[in-house]
Amino acid sequence: MKTVKVGLGTCGISAGGEKVFRAFQDELKERPNSFVLQETGCIGMCYREVLVEVSNGSGEPYMYGEITPDRVGQMVEEDLIGGKIIEDWLVTGEGREVGFFENQTRIVLRNCGKIDPGSIEEYIERDGYKGLEKALKNMTPEDVIEQVEKSGLRGRGGGGFPTGMKWKFTRGAKGDKKYIICNADEGDPGAFMDRSVLESDPHSVLEGMAIAAYAIGSDESYIYCRAEYPKAIARLRQAIAQAKQKGFLGEKILGSDFNFTIKIKEGAGAFVCGEETALIHSIEGLRGMPRFRPPFPAISGLWEKPTNINNVETFANVPWIITNGGEAYAKYGTEDSKGTKVFAMAGKVKRTGLVEVPMGVTIKEVVFDICGGIIDDNELKAVQMGGPSGGCIPASMCDIPIDYQQINKTGAIMGSGGLIVMDSTTCMVDVARFFLTFTQEESCGKCTFCRIGTKRMLEILVRITMGEGTMADLDNLEELSGQIKNASLCGLGQTAPNPVLTTLKYFREEYVAHIEDKKCPAHECSALLTYTINDKCTGCVVCAKACPTEAITGEKKQLHTVHQDQCIKCGKCYTVCRFDAVEKV
Amino acid sequence: MADNNTQEFKPFNVDLWKYDGKKGALIPLLQSAQDTYGYVSEKAIDYISHVTGIASADIYGVVTFYAQFRTKPLGKNVIKICNGTACHVNGARPIYETIQDELDLTYEETSDDGLFSLLSVACIGCCSLAPVITINDETFGRLTPPKLRKVIRSFKRKAKELAKQESE
Ligand SMILES: Cc1cc2nc3c(=O)[nH]c(=O)nc-3n(C[C@H](O)[C@H](O)[C@H](O)COP(=O)(O)O)c2cc1C
Ligand code: FES
Chain A
1 MKTVKVGLGT CGISAGGEKV FRAFQDELKE RPNSFVLQET GCIGMCYREV LVEVSNGSGE
61 PYMYGEITPD RVGQMVEEDL IGGKIIEDWL VTGEGREVGF FENQTRIVLR NCGKIDPGSI
121 EEYIERDGYK GLEKALKNMT PEDVIEQVEK SGLRGRGGGG FPTGMKWKFT RGAKGDKKYI
181 ICNADEGDPG AFMDRSVLES DPHSVLEGMA IAAYAIGSDE SYIYCRAEYP KAIARLRQAI
241 AQAKQKGFLG EKILGSDFNF TIKIKEGAGA FVCGEETALI HSIEGLRGMP RFRPPFPAIS
301 GLWEKPTNIN NVETFANVPW IITNGGEAYA KYGTEDSKGT KVFAMAGKVK RTGLVEVPMG
361 VTIKEVVFDI CGGIIDDNEL KAVQMGGPSG GCIPASMCDI PIDYQQINKT GAIMGSGGLI
421 VMDSTTCMVD VARFFLTFTQ EESCGKCTFC RIGTKRMLEI LVRITMGEGT MADLDNLEEL
481 SGQIKNASLC GLGQTAPNPV LTTLKYFREE YVAHIEDKKC PAHECSALLT YTINDKCTGC
541 VVCAKACPTE AITGEKKQLH TVHQDQCIKC GKCYTVCRFD AVEKV
Chain B
1001 MADNNTQEFK PFNVDLWKYD GKKGALIPLL QSAQDTYGYV SEKAIDYISH VTGIASADIY
1061 GVVTFYAQFR TKPLGKNVIK ICNGTACHVN GARPIYETIQ DELDLTYEET SDDGLFSLLS
1121 VACIGCCSLA PVITINDETF GRLTPPKLRK VIRSFKRKAK ELAKQESE
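Taken in order, these protein sequences are the chains called A and B.
Note that the working numbering has the first sequence beginning at 1, numbered continuously upward.
Note that the working numbering has the second sequence beginning at 1001, numbered continuously upward.
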């Protein structure tokens, strides 16, 4: 009998995955026992959702993409019962999507899209909780820390601090009560790695946390998860209950003297709460404002007790490291950066989704070999890494290997793993404005330069995108950037100018084009465009009625025209047209 | 805790099991109030202050700090425009402009008839369908202004019909 797995991560659900799942359920009711139906998490190929994997017990499983509820009947009929593979719908196999999975190395994502995240048994079957068992039965806490140090693992939340060293500090800190916190706040607005891991393989994070707690000498922990991730929170709750029941959490774990509990705290929507001291304040029920460090949380954190904070992906690496040994992990990567990194691929790239690669592969390899290149085979212009704290790396530099040091040299940062691909249709000034809008809104307001400086920078950027900038504005941007970086307390302000600085450095001519020529080379800034009407126009007169300056004229049922001297470039005609007849050039 | 004053708040149905008397319970309490009523009312703040002993002003400070908490109720239909990076790069702005034009709403606003609210969210997790919006629990992806206009109009129609039925 064949087994069908429907990918029900958030990506799958938003593409209609639950409807597909229900359609399979209905089929099962009509034809009981004709196949086995299961759910799984994010398979990673978000660009082909809804994904359905079929396996028949022997042989390689294969995958169908873009499955809709009305395709389910045919699939059950022809394949699940008839035994005939429907070639047209396949996403994997010969000649299709070559390279997407082959060029990846999956450690963090080892179980994502493979197991049912609601089943602890399936996790255990794939060596789950073996790392914890090994740590508790055969290793001292010091041994555990030694392995993590040997692995070279660095924090995946953005800062890249060596994880083993952090654990050592917290272990060495004075105090009998110590806390572990898992940072699942994932604030970068273009990133979804942590969410996918939590949704698709929650136990790997719980196991990583338990191992860390044993190493550090902690018995209590929190997962701080953003409230916008309801599915992840539900799966975590379920996983914690299962782990308790099986004795992997709770008291006297696996017959040892080690006790450990995990609680979930839901965030309440503030980007700055991803910063560790702000996060601690938020758990304590206060406004999530960062404070000066030192003391670092390792010395004085939650309720002023020593606290070890790590990111979701950092924890998800830990069970693998303990099971396979630190050296096995350190085999992947470069001198400076060991292991693998997960990236959330988005933007103008053909294959969007989750990708895990060993450190040291180049950005181009990820964009072209794994993700199939740029939409419409356009040219790569730049990638953005590190979200609002990061920067844009121009295509000419995308041959550098993915490695903390190398990426820092470009002015961007590794960040938590959002990787946005841009082509000639992306305006770099607008990208800078986008991230500044975000940081300006999310600044908690404590530091003057962060609060007011980002606002001033944003005003300048808006001016430039409106065609009202001056060359002196560029110097002002640079000056403000320096001041904000120096005078801000936390990483939010210290890194907020990065998107502006990197685009100024590598794409200055685009800023100049906006200022001097009043042109947006990417045709994105609406104030700098010319609107025209093409022959798709049906003469419905909607645009003429909508135009606030009566710049559009034309008879009913006749082609309309825009009178450029009257046009104020508000873009209204473009958004009201129902026939794609208004063009921006 | 349970003195006579509690009577006054009797009809107020906040999930008190979330309150274990420990510090740090404030945000879960506010979340539960918002889950129940759709927003955090002044009354809810007073009640939580009464139960926890935290000053109302401090609670208000927390409520206004976090984007999740609202001090006004939302409309019947909640439209969320994704302003994540992928959606931005793939054209979230024309989407916003279209909605603004159809419904005369800006972010964080509710229409006067109480039928629509417009919110902005960061990445809702289907970047491959960008640009994306959600209306209530439904996701609409790969939108263009004309496509979106059709969607909004059908919601408008449905909302009007429903309102009519209710008034009859
Ligand atoms: C403004 C700001 C936002 C942050 N957001 C996150 C986040 O969403 N997730 C995360 O894991 N770390 C975030 N961090 C980094 C954390 O402060 C902290 O360094 C990290 O959780 C440590 O874990 P790691 O060593 O495993 O990376 C943020 C930092 C700053 C300054
Ligand atoms: S950025 Fe809109 S869904 Fe991800």
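Ideal Cβ positions, reconstructed from N, Cα and C, are used throughout, including at glycine.
On a predicted model such as this, the values are computed, not experimentally measured, just so you know.
**OP:** Under 6 Å Cβ to Cβ from A:C46, same chain only, skipping five residues before and after it: list those, please.
**Re:** C11, T352 and G353
**OP:** Return yes when the Cβ of A:I67 is within less than 7 Å of the Cβ of A:V50, no when it is not.
**Re:** yes
Original post:
What residues in the stretch 1090-1108 of chain B have a beta carbon less than 7 Å from any beta carbon of chain A?
Top reply: P1094, E1097, T1098 and D1101
**OP:** Taking C-beta pairs closer than 7 Å, name the residues in chain B that A:T426 reaches, listed in chain order.
**Re:** V1089
Subject >> Coil, strand or helix - A:V585 by DSSP >> reply: coil
**OP:** Count the other C-beta atoms from every protein chain shown that fall within 10 angstroms of the C-beta of A:E102, then say buried if there are 16 or more, exposed otherwise.
**Re:** exposed
Subject >> Residue closest to A:D475, alpha-carbon to alpha-carbon, out of A:N486, A:A487 and A:L461 >> reply: A:L461
Original post:
Would you say the beta carbon of B:V1132 comes nearer than 6 Å to a heavy atom of ligand 2?
Top reply: yes
**OP:** Kindly indicate if chain B contains any beta-carbon less than 7 Å away from that of A:S14.
**Re:** yes
**OP:** Rank B:S1111, B:T1134, B:T1110 and B:K1072 by C-alpha distance to the C-alpha of B:I1095 and give the top, closest one.
**Re:** B:T1134
Original post:
Closer than 6 Å: is that where the CB of B:I1124 sits relative to any heavy atom of ligand 2?
Top reply: yes
**OP:** Could you check the C-alpha separation between A:F35 and A:G9 for me, to the nearest Å?
**Re:** 22 Å
**OP:** Check whether the Cβ of B:C1082 sits closer than 6 Å to any heavy atom of ligand 2, and report yes or no.
**Re:** yes
**OP:** Could you tell me whether the Cβ of A:A346 comes closer than 7 Å to any Cβ of chain B?
**Re:** yes
**OP:** May I ask you to verify whether the stretch 1075-1091 of chain B touches the stretch 1118-1138 of chain B, counting CB pairs closer than 8 Å and requiring at least 3?
**Re:** yes
**OP:** Could you please give the first and the last residue of the uninterrupted alpha helix (DSSP H) stretch that includes A:M209?
**Re:** P202 to I216
Original post:
Using 7 Å as the limit for Cβ to Cβ distance, is A:A268 near chain B?
Top reply: yes
Original post:
Can you name, in chain order, every residue of its own chain whose Cβ lies under 6 Å from the Cβ of A:T530, other than the five neighbours on each side?
Top reply: V585
**OP:** Mind checking which residues open and close the beta strand (DSSP E) that includes A:N311?
**Re:** T307 to N311
Original post:
Name the chain A residues whose beta carbon is nearer than 8 Å to that of B:P1146?
Top reply: C577, R578, F579 and D580
**OP:** Taking only the alpha-carbon atoms, compute the straight-line gap between A:S256 and A:A213 and give it to the nearest angstrom.
**Re:** 14 Å
Original post:
What's the call for A:L236, buried or exposed, on a 16-neighbour Cβ count within 10 Å?
Top reply: buried
**OP:** With hydrogens ignored, establish whether the beta-carbon of A:E186 is closer than 6 Å to any heavy atom of ligand 1.
**Re:** yes
**OP:** For A:T503, count neighbouring Cβ atoms within 10 angstroms of its own Cβ and tell me buried if that reaches 16, exposed if not.
**Re:** buried
Original post:
A:F449 bridges to which residues according to DSSP?
Top reply: Answer by DSSP bridge pairing: none, since A:F449 is not bridged.
**OP:** Note down, one range per segment and in chain order, each beta strand (DSSP E) of at least 3 residues found wholly within the stretch 439-505 of chain A.
**Re:** none
Original post:
Helix, strand or coil: how does DSSP classify A:T362 here?
Top reply: strand
**OP:** Indicate whether the contact test is met: 3 or more Cβ pairs, each with one atom in the stretch 356-372 of chain A and one in the stretch 392-410 of chain A, closer than 8 Å.
**Re:** yes
Subject >> First and last residue of the uninterrupted beta strand (DSSP E) at B:N1077 >> reply: N1077 to C1082
**OP:** Starting from B:S1154, trace the alpha helix (DSSP H) both ways and give me its first and last residue.
**Re:** P1145 to S1167
Original post:
Considering only C-alpha positions, which residue in the set B:I1045, B:K1043, B:T1036 and B:Y1066 is nearest to A:F271?
Top reply: B:Y1066
Original post:
How would you call B:R1157, buried or exposed, if buried means at least 16 neighbouring beta carbons within 10 angstroms?
Top reply: exposed
Original post:
Beta carbon of A:K341, beta carbon of A:A330: below 7 Å?
Top reply: no
Original post:
Buried or exposed: A:P230, going by 16 or more other Cβ atoms within 10 Å of its Cβ?
Top reply: exposed
**OP:** Compare the C-alpha of A:N138 against each of A:E468, A:T495, A:L254 and A:S196 and name the closest.
**Re:** A:L254
**OP:** Say yes only if the C-beta of B:A1086 is nearer than 6 Å to one or more non-hydrogen atoms of ligand 2, and no if none qualify.
**Re:** yes
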